[in-house]
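Visitor: Residue numbers (our numbering), protein chains in the order written: chain A, 294 to 448; chain B, 294 to 448.
All C-beta atoms, glycine included, are put in the ideal place defined by N, C-alpha and C.
1) Roughly how many whole angstroms lie between the Cα atoms of residue 381(B) and residue 316(B)?
2) Using DSSP bridges, identify the partner residues of residue 316(B).
3) Give every residue of the same chain whose Cβ lies closer than 8 Å to the Cβ of residue 359(A), excluding the five residues on either side of it in the sequence, and list them in chain order.
4) Beta-carbon within less than 6 Å of residue 308(B)'s beta-carbon, same chain only, minus the 5 sequence neighbours each way: which residues are those?
5) Any C-beta of chain B sitting closer than 8 Å to the C-beta of residue 332(A)?
6) Looking at the secondary structure, which residues open and close the beta strand (DSSP E) in which residue 425(A) lies?
7) By the criterion of Cβ-Cβ separation under 8 Å, what are the contact partners of residue 358(B) in chain A?
8) Is residue 435(B) helix, strand or coil when you go by DSSP?
9) Does the pairing of the stretch 430-441 of chain A with the stretch 357-377 of chain A give three or more beta-carbon distances under 8 Å?
10) Tell me the rounded alpha-carbon separation between residue 356(A) and residue 400(A).
11) Nearest to residue 410(B) by CA position, among 310(B), 336(B), 429(B), 337(B), is which residue?
12) Quick one: Cα of residue 421(A) to Cα of residue 300(B), how far?
13) Per DSSP, which one or two residues make a beta bridge with residue 331(B)?
14) Please classify residue 294(A): does DSSP put it in a helix, a strand, or coil?
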């Protein structure tokens, strides 16, 4: 029920040596306020989910449910606030840890960062050398912020 | 996928003669803005749903999914914005039409209204004589508004 996640910028392409999966993610947000719960509809291939996340940085409540793909398409087409986010998510295996690298497309072309999900807030994660500055506490890297403020407009 | 619904005030207790079902509904909203989609978590007995509705008056998109009861309780306890709404919903059979009468409790004690769901926006519904003023277009009767603005504070 809780997601504990840290986010980092990426300093090189070396993560590409350890890719073990790749998927295209399309998602949109039903809400616009980053200070409150975010409600996300996500599509991967022909599967879809609705996810409620509490506001927060490192640790957030998360409730995730499968929904019918056609419903998700309709919600993304007609209810989503802001821009639809398109990204490729790569999973990278480093020792026993899985990093996720998100490479954004469309209006967010050029944006990329890595995430790692942890089991405890104080878990020690050995960081590979392609991991750069931590942005866990930078609200611009929230999915819901990105949906409202495409990367092409960032300063 | 669309809900077409009219709302009315109630002028007498005569609807009580035609009750055919009664249920207690507990619900809360994950969002606070009535201008955008509302995301509602609802519990009836030990069953629970999450519902996304587009903003609108008479006709709204609606997507409704069953979710685990314990999840719903946690979301209502820790993520809901504003007040939790408690009401008794009575279903009233009038000819071939089903009216729903909602009697609110707690901070909304005294609030009650009737709803009827229609299959078309121009459907002709014969209104029983206990039906009063139509409030379909009055935003105060939105569930999400009621959650933010309890009836005890209405002017």
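Guide: Per the coordinate set shown:
1) Position 88 of the second chain holds residue 381(B). Position 23 of the second chain holds residue 316(B). Cα to Cα, the separation comes out at about 6 Å.
2) For the purposes of this step, residue 316(B) is identified with residue 23 of the second chain, where counting begins at 1. Looking at the DSSP assignment, residue 316(B) forms a beta bridge with 382(B).
3) Counting from 1 along the first chain, the entry for residue 359(A) is found at position 66. 340, 341, 342, listed in sequence order.
4) Counted from its first residue, the second chain places residue 308(B) at position 15. Once the five neighbours on either side are set aside, the close Cβ partners of residue 308(B) are 385, 394, 423.
5) Taking the first chain and counting its residues from 1, the one referred to as residue 332(A) is at position 39. Closer than 8 Å: yes.
6) The residue you call residue 425(A) lines up with position 132 of the first chain. Segment 424-427, the beta strand (DSSP E) holding residue 425(A).
7) Translated into the one-based positions of the second chain, residue 358(B) becomes position 65. Under the 8 Å cutoff, chain A gives 343, 358, 360.
8) If you number the second chain from 1, residue 435(B) lands on position 142. Correct three-state label for residue 435(B): coil.
9) yes
10) The sequence position of residue 356(A) within the first chain is 63, counting from 1. The sequence position of residue 400(A) within the first chain is 107, counting from 1. Taking the straight line from one Cα to the other gives about 28 Å.
11) Taking the second chain and counting its residues from 1, one reaches residue 410(B) at position 117. Looking at the Cα atoms, 429(B) is the closest of the given residues.
12) Indexing the first chain from 1 puts residue 421(A) at position 128. Indexing the second chain from 1 puts residue 300(B) at position 7. Taking the straight line from one Cα to the other gives about 59 Å.
13) Along the second chain, one-based indexing puts residue 331(B) at 38. In DSSP, residue 331(B) forms a bridge with 346(B).
14) The count along the first chain starts at 1 and reaches residue 294(A) at position 1. Residue 294(A) falls in the coil class under three-state DSSP.
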